[in-house]
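Under this note's numbering, the first residue of the sequence shown carries the number 1361, and numbering increases by one thereafter. Think of the CB as a built atom: it goes at the ideal place given N, C-alpha and C, for glycine as much as any other residue. The structure presented is a predicted model; accordingly, all values stated were derived computationally and were not measured. Report on the following structure.
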Amino acid sequence: MTIDSYVVHVVDDEEPVRKSLAFLLTMSGFTVRVHESATRFLDVAPTLAKACLVTDLRMPDMSGVELLEKLGAAGLLIPAVVITGHGDVPMAVSAMKAGAVDFIEKPFEDRTLIDAITRAASRLEDATEISADIATLRARLNSLSEREQQVLSSVVAGAANKTIAYDLDISPRTVEVHRANIMSKMQAKSLPELVRMTIALKAAGKAR
């Protein structure tokens, strides 16, 4: 799907952020509309066709998770990318469970956002929920040691290295080594990608 065949809707309560994202995406060739709140976006959402959503996770009137849940309850399947601050991983995971295609941690590179929107837009033509082959992901998961799987579960839950180390009675340095091994074995380039893989496996009923 070409980028001129759909509209990207940016939802953020901070005007400078809306303007910055709108400028970036417009200069990248996207058609963009901005909304100052989740409530305002919900008002127009039923009228939209071929739309993608970029929303902040934390907003005063309604969180990004709540927005996605309301869209889902209304039967409005608008592929979404959630922007999140550091430390919001558990909420971001909730957003993905609510239907977000991706989440991006601040600060992020321009290319990261553009690629995420492109992936989201692919959902407009492809109804397949799982982007990677499940059999391949299962094999990668099974290559993890028992300890690495324990660390993976904690990482995806948003736990800090020191917390994981305390819970598993290992050193923070050992946690870092396990995290590096997990990223390598799962072939994940980023934490959001690792979360996507885990959610895909859980959806298939095979992740522990």
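Residue i classed as buried or exposed, judged by whether at least 16 other C-beta atoms fall within 10 angstroms
{"i": "R1568", "result": "Since pLDDT at R1568 reaches only 44, below the 50 mark, its modelled position is unreliable, and the value read off the structure follows with that caveat. By the 10 Å Cβ count, R1568 comes out exposed."}
{"i": "L1427", "result": "buried"}
{"i": "D1527", "result": "exposed"}
{"i": "V1404", "result": "exposed"}
{"i": "F1383", "result": "exposed"}
{"i": "S1423", "result": "buried"}
{"i": "S1544", "result": "exposed"}
{"i": "S1590", "result": "Residue 1590 lies beyond the range of the chain shown here (1361 to 1568); nothing can be said about it."}
Start and end residues, beta strand (DSSP E) containing residue i
{"i": "L1413", "result": "A1411 to D1416"}
{"i": "F1468", "result": "Per DSSP, F1468 belongs to no beta strand (DSSP E) and is neither H nor E."}
{"i": "R1400", "result": "Counting along the chain, R1400 falls outside any beta strand (DSSP E), though it belongs to the alpha helix (DSSP H) covering A1398 to V1404."}
{"i": "T1391", "result": "T1391 to H1395"}
{"i": "T1444", "result": "A1440 to T1444"}
Inter-residue Cα distance where the pair is residue i and residue j
{"i": "S1402", "j": "S1454", "result": "Contrary to the premise, residue 1402 reads as Leu rather than Ser in this sequence. The straight-line gap from Cα to Cα measures roughly 19 angstroms."}
{"i": "S1365", "j": "S1482", "result": "11 angstroms"}
{"i": "Q1547", "j": "H1538", "result": "14 angstroms"}
{"i": "L1437", "j": "H1369", "result": "14 angstroms"}
{"i": "S1550", "j": "L1408", "result": "31 angstroms"}
{"i": "E1469", "j": "E1508", "result": "29 angstroms"}
{"i": "M1387", "j": "A1525", "result": "44 angstroms"}
{"i": "F1390", "j": "P1406", "result": "21 angstroms"}
{"i": "K1562", "j": "A1499", "result": "14 angstroms"}
{"i": "L1512", "j": "M1557", "result": "11 angstroms"}
{"i": "A1560", "j": "N1502", "result": "15 angstroms"}
{"i": "S1380", "j": "V1461", "result": "22 angstroms"}
Residues of its chain near residue i, where Cβ-Cβ distance is below 8 angstroms and the 5 sequence neighbours each way are ignored
{"i": "V1555", "result": "V1449, A1452, V1453, M1456, F1463 and V1516"}
{"i": "R1393", "result": "V1367, V1368, H1369 and V1370"}
{"i": "C1412", "result": "Y1366, V1367, V1368, H1369, I1438, P1439, A1440, V1441, I1477, A1480, A1481 and L1484"}
Residue from the options whose Cα sits closest to the Cα of residue i
{"i": "T1415", "options": "G1445, S1544, T1558 and V1371", "result": "V1371"}
{"i": "I1363", "options": "D1421, T1444 and K1410", "result": "K1410"}
{"i": "T1472", "options": "E1375, I1494, L1385 and P1406", "result": "L1385"}
{"i": "T1399", "options": "S1544, D1475 and D1421", "result": "D1421"}
{"i": "E1465", "options": "P1552, S1505, E1375 and E1374", "result": "P1552"}
{"i": "G1445", "options": "G1518, I1542, D1475 and S1514", "result": "G1518"}
Boundaries of the alpha helix (DSSP H) in which residue i is found, first to last residue
{"i": "A1540", "result": "P1532 to M1546"}
{"i": "L1376", "result": "It should be noted that the sequence gives Pro, not Leu, for residue 1376. First-last of the alpha helix (DSSP H) with P1376: E1375 to M1387."}
{"i": "S1514", "result": "E1506 to V1516"}
{"i": "D1372", "result": "Careful: D1372 lies outside any alpha helix (DSSP H) and carries neither H nor E."}
{"i": "S1454", "result": "V1449 to K1457"}
{"i": "I1576", "result": "Examination of residue 1576 is not possible in this model, given that the chain is present from 1361 through 1568 alone."}
Sequence-distant residues of the same chain with beta carbon closer than 7 angstroms to residue i, five excluded per side
{"i": "N1521", "result": "P1532, V1535 and E1536"}
Beta-carbon contacts of residue i that lie in its chain and below 6 angstroms, excluding the five residues immediately before and after
{"i": "G1432", "result": "G1459"}
{"i": "I1443", "result": "D1416 and I1464"}
{"i": "I1474", "result": "S1388"}
Contact test: residue i Cβ vs the ligand ADP heavy atom, cutoff 7 angstroms
{"i": "L1473", "result": "In the structure on display, the ligand ADP does not appear, and there are no ligands present to speak of."}
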